[in-house]
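What follows is one structure encoded as structure tokens, with my remarks underneath.
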Amino acid sequence: MALRVEYLVRETGNNLRRNVALTVPAVLTVAVSLALFGVSLLLGGGADRFTQQWRGGIEFIIFMNPDATQDQIDLIQNAVSTSPEVKRWKYYDKQMAFDEFRELFKDKPDLVNSVTPDILPPSYRVVPQNPDADAVTALAAQFENQPGVKQVRKATDVIKDVESLTRYIKIGLWVTSIVLFAVSLLLILNTIFTAMTARRREIEVMKLVGATNWFIRVPFMLEGLIQGVSGAIVAVIATSVFNGQVFPRIQRLEILKDFRVDSGQLWTTSIWLIVLGCVIGVVGSLFGVSRYLDV
Numbered sequence: 033m034a035l036r037v038e039y040l041v042r043e044t045g046n047n048l049r050r051n052v053a054l055t056v057p058a059v060l061t062v063a064v065s066l067a068l069f070g071v072s073l074l075l076g077g078g079a080d081r082f083t084q085q086w087r088g089g090i091e092f093i094i095f096m097n098p099d100a101t102q103d104q105i106d107l108i109q110n111a112v113s114t115s116p117e118v119k120r121w122k123y124y125d126k127q128m129a130f131d132e133f134r135e136l137f138k139d140k141p142d143l144v145n146s147v148t149p150d151i152l153p154p155s156y157r158v159v160p161q162n163p164d165a166d167a168v169t170a171l172a173a174q175f176e177n178q179p180g181v182k183q184v185r186k187a188t189d190v191i192k193d194v195e196s197l198t199r200y201i202k203i204g205l206w207v208t209s210i211v212l213f214a215v216s217l218l219l220i221l222n223t224i225f226t227a228m229t230a231r232r233r234e235i236e237v238m239k240l241v242g243a244t245n246w247f248i249r250v251p252f253m254l255e256g257l258i259q260g261v262s263g264a265i266v267a268v269i270a271t272s273v274f275n276g277q278v279f280p281r282i283q284r285l286e287i288l289k290d291f292r293v294d295s296g297q298l299w300t301t302s303i304w305l306i307v308l309g310c311v312i313g314v315v316g317s318l319f320g321v322s323r324y325l326d327v
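For the sequence shown, my numbering gives the first residue as 33, with consecutive numbering after it.
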């Protein structure tokens, strides 16, 4: 058993050294395709958090002062509930606001621990009958100067444009990733097939002395697996750098301050990239080996 493992390791290493000119492009292509896929996942997560407060057609949010009296809160609730221009609404008390805050910033426990429900403002999430921008602005303006109201935040066209732009960017990244996935498979397939062709006499001798197809396959499949995993590791590093360098710059814009990716999503994305790298490497090498052995 030890001899077999030693043989597999030695043969896999020899294959990689002999095919450096083909291995490097394969690894880089896997890395680029997976990095684009990873960035698309992070963008999706960031966009979900960015638009979380605006789901369900909510066009504006009335934030009350944290110290607003119950009479002031009831006054706004009465105005919202009786307005014919309001389709539906939902009240978020301080505890609900704290639960939402805790979910949004779950990757920053120090920040969450420094906040208590009593310092967060209650709010009303409002869905108007008419989603037209002018109608929303006019309706929101009715609440801006009411007693106890701290701020009325509208889902402006900028927010909607960012959501739309993110969707188009994700589609573009996905399409590009799929194309590069296919190219990666072909490169790994070609690398393995070339390696086996270069060792055809040795393989023929191995078959003559009774070596099974799987015994011949495994070193080449390990070569493909290493190429896929190597590309995935590069992609994880690139995605982490993107998250650490690009997203903080995006958050500097006031309108995009809620555009964030938590550490849990980054870890999940990294795991997906490693798994996909393994799949690409194994599938590409398996096709290459099967093509040569004609089994």
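For each residue, glycine too, the CB sits at the ideal point set by N, CA and C.
Beta-bridge partners assigned by DSSP to TYR123: TYR156. The beta carbon of ASN275 sits closer than 7 Å to the beta carbons of LEU74, VAL293, LEU298 from its chain, once the five residues preceding and following it are set aside; these are given in chain order. Taken atom to atom, the span from the alpha-carbon of LEU217 to that of PHE279 is near 31 Å.
The DSSP-derived three-state label of PHE274 is helix. When the beta-carbon positions are compared, VAL168 and ARG120 stay at least 7 Å from each other. DSSP places LYS202 within a helical segment (H, G or I) once states are collapsed to three. Going by C-alpha positions, PRO163 is about 10 Å away from LEU171. For GLY256, the closest alpha carbon among the candidates PHE137, PHE225, LEU240 is that of PHE225.
Taking C-alpha positions only, VAL266 is separated from LEU68 by approximately 12 Å. Contact between SER262 and SER65 fails: their C-beta atoms lie close to 13 Å from each other, not under 8 Å. With contacts defined as CB atoms closer than 7 Å, ILE93 and SER155 qualify as a contacting pair. If the five residues before and after GLU91 are omitted, its C-beta is found closer than 7 Å to the C-beta atoms of VAL158, VAL159, PRO160, PRO163, VAL168, LYS186, ALA187, all from its own chain and listed in chain order. Nearest in C-alpha terms to THR271, of all of ALA53, THR55, ALA63, PRO57, is ALA63.
Here LYS122 has TYR156, ARG157 as same chain residues with Cβ atoms under 8 Å from its own Cβ, once five neighbours each way along the sequence are excluded. In the structure shown, PHE137 adopts coil according to DSSP, grouped into three states. VAL184 carries a strand assignment under DSSP once its states are collapsed to helix, strand and coil. Excluding its 5 nearest sequence neighbours in each direction, LYS138 has C-beta neighbours in its own chain below 8 Å: VAL144, ASP294, GLY296, listed in chain order. A Cβ-Cβ distance of about 15 Å is found for the pair LEU205 and THR61, leaving them out of contact under the 8 Å criterion. Straight-line spacing of the CA atoms in LEU318 and ARG249 works out to 8 Å. The Cβ atoms of THR301 and GLY70 sit closer than 7 Å to each other.
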